[in-house]
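Read the sequence shown against this note's numbering and you will find it ends at 324, with the numbers running on by one and no gaps. Every residue gets a Cβ at the ideal spot worked out from N, C-alpha and C, and that includes glycine. Inspection log for the structure reproduced underneath, given as structure tokens.
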Amino acid sequence: MQRAFLFTGQGSQFAGMGKELAARFPIARATFAEADAALGESISTLCFEGPEDKLGLTENTQPATLAVAIAAFRALGQTPDLAAGHSLGEYAAHVAAGTLQFADAVRLVRERARRMQSAVPIGTGGMVVMRKMGLDEVKALVAKVDAGLCEIANVNEPEQIVVSGAIAAMDQIVTLAPPRKALKLNVSVPFHCSLLRDASAAFAHVLAATTMRDPAFPIWCNVDATPVTTAAAARTALQRQFAGAVQWQQTIEGMFALGVRHFVECGPKATLVNMVKRIALANGIEGVETMAATTADEIAALAAK
Numbered sequence: 020m021q022r023a024f025l026f027t028g029q030g031s032q033f034a035g036m037g038k039e040l041a042a043r044f045p046i047a048r049a050t051f052a053e054a055d056a057a058l059g060e061s062i063s064t065l066c067f068e069g070p071e072d073k074l075g076l077t078e079n080t081q082p083a084t085l086a087v088a089i090a091a092f093r094a095l096g097q098t099p100d101l102a103a104g105h106s107l108g109e110y111a112a113h114v115a116a117g118t119l120q121f122a123d124a125v126r127l128v129r130e131r132a133r134r135m136q137s138a139v140p141i142g143t144g145g146m147v148v149m150r151k152m153g154l155d156e157v158k159a160l161v162a163k164v165d166a167g168l169c170e171i172a173n174v175n176e177p178e179q180i181v182v183s184g185a186i187a188a189m190d191q192i193v194t195l196a197p198p199r200k201a202l203k204l205n206v207s208v209p210f211h212c213s214l215l216r217d218a219s220a221a222f223a224h225v226l227a228a229t230t231m232r233d234p235a236f237p238i239w240c241n242v243d244a245t246p247v248t249t250a251a252a253a254r255t256a257l258q259r260q261f262a263g264a265v266q267w268q269q270t271i272e273g274m275f276a277l278g279v280r281h282f283v284e285c286g287p288k289a290t291l292v293n294m295v296k297r298i299a300l301a302n303g304i305e306g307v308e309t310m311a312a313t314t315a316d317e318i319a320a321l322a323a324k
């Protein structure tokens with residue numbers, strides 16, 4: 020049976036993450052030391068101790084979450100048949116596959132975060148999660164928004180879609196949506212929308228200067244929900260992902276179509292495997308097994324199998 024590893028994205032962070040992994044697994048401890056060296060500062064201390072508000076800054080959240088995901092992956096010590104990561108998690112997937120060196124990826128996501136934050140002044144952009152609404156319903160609402168740019172940023176699962184854009188447009192779509200179905204997210208950047216297009220073009224030069232290798236196993240890219248098997252395709256996928264939508268539901272459905280039924284999630288806490296379960300339920304897919312590799316106990320139990 021083919022096994023897919025999934026790598027968590029931004030929003031799963033919390034003060035204290037990774038501390039137990041570093042205490043239990045020498046390879047996890049070494050991973051955090053490598054991240055600290057790559058950045059020239061102690062991102063590990065921020066992971067282990069916080070404070071929460073500093074950890075929540077995009078430029079810290081992204082390298083911190085990447086470090087935890089790779090620490091968990093290395094501690095598990097297993098190789099998947101294929102993998103995917105949600106937004107930021109796509110970088111972790113490429114580290115796991117050897118496309119990117121870990122130190123390079125840590126520096127890349129720090130730069131990615133800074134460019135995302137500087138692309139749109141704080142307070143002018145935002146994101147809204149649409150709950151218990153199908154994609155067609157959300158598209159119909161987006162079409163009614165005329166207060167500014169509003170685009171679908173994430174198709175996470177059949178009834179969880181995220182929109183992104185100008186803050187006035189986010190306020191408007193909350194008003195247009197049925198009661199309690201639209202919730203503004205606590206983010207300072209309108210991720211995965213065309214407000215980031217200029218910054219994406221500039222970030223492409225950073226990616227172009229970064230060494231990449233063909234991945235050891237296929238990595239499903241966010242923007243197309245298709246597997247990437249070459250360094251060139253990986254570079255293009257990461258560049259397009261900067262301002263492009265995350266097609267997570269379509270990614271998992273594509274894996275189901277290949278016969279994948281076993282999923283393991285590496286990251287600060289399990290969010291993606293829960294999405295997998297709901298996508299499977301919506302599609303009538305049976306026999307799906309999901310496991311989290313997020314705590315030291317979970318990783319030890321999985322490694323023993």
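Problem set entry | Assigned secondary structure, Thr194 (DSSP; H/G/I helix, E/B strand, else coil) | helix
For this session: May I ask you to report which of helix, strand or coil DSSP gives Asn205?
Result: Of the three classes helix, strand and coil, the one that applies to Asn205 here is coil, per DSSP.
Exercise. Would you say the region 32 to 43 touches the region 279 to 292, given that touching needs at least three Cβ pairs under 8 Å?
Worked result: yes
For this session: Give the range of the beta strand (DSSP E) segment to which Leu107 is assigned.
Result: No beta strand (DSSP E) contains Leu107, which DSSP labels as neither H nor E.
Exercise. Sorted by chain position, which residues of the same chain lie with C-beta nearer than 7 Å to Arg133's C-beta, five sequence neighbours on each side aside?
Worked result: Closer than 7 Å at the Cβ level, and outside the excluded window around Arg133, lie Glu78.
For this session: Identify whether Glu170 lies in helix, strand or coil by the three-state DSSP scheme.
Result: Correct three-state label for Glu170: strand.
For this session: Note down, one range per segment and in chain order, each beta strand (DSSP E) of at least 3 residues found wholly within the region 133 to 179.
Result: 144 to 150, 169 to 176
Exercise. Applying the criterion that 16 or more other CB atoms from any shown protein chain within 10 Å of the CB defines a buried residue, is Glu109 buried or exposed?
Worked result: buried
Exercise. How long is the line joining the alpha carbons of Lys203 and Val182, rounded to whole angstroms?
Worked result: 10 Å
Problem set entry | Burial state of Glu176 (16 or more Cβ within 10 Å) | buried
Exercise. Could you give the uninterrupted runs of the beta strand (DSSP E) lying entirely in the region 55 to 119, keeping only those of 3 residues or more?
Worked result: 101 to 104
Exercise. Whose CA, out of Thr229, Met231, Phe261, lies closest to the CA of Val242?
Worked result: Phe261
Problem set entry | Spatially closest choice to Ala322 from Ala299, Arg93, Ala166, by CA coordinates | Arg93
For this session: Take the Cβ of Ala244 as the centre, count every other Cβ of all protein chains shown within 10 Å, and call the residue buried at 16 or more, exposed below.
Result: buried
Exercise. Is Ile171 buried or exposed, if buried means 16 or more other CB atoms sit within 10 Å of its CB?
Worked result: It is buried - the Cβ of Ile171 has at least 16 other Cβ atoms within 10 Å.
Problem set entry | Complete beta strand (DSSP E) runs within the region 225 to 292 (minimum length 3 residues, chain order) | 281 to 285
For this session: Please state whether DSSP places Ala34 in a helix, a strand or coil.
Result: coil
Exercise. In angstroms, rounded to a whole number, what distance separates the CA positions of Pro197 and Asp165?
Worked result: 18 Å
Problem set entry | Same chain, Cβ closer than 7 Å to Leu107, five either side skipped, listed in chain order | Gly28, Gln29, Gln81, Thr84, Leu85, Val128
For this session: Give the range of the beta strand (DSSP E) segment to which Leu25 is assigned.
Result: 22 to 26
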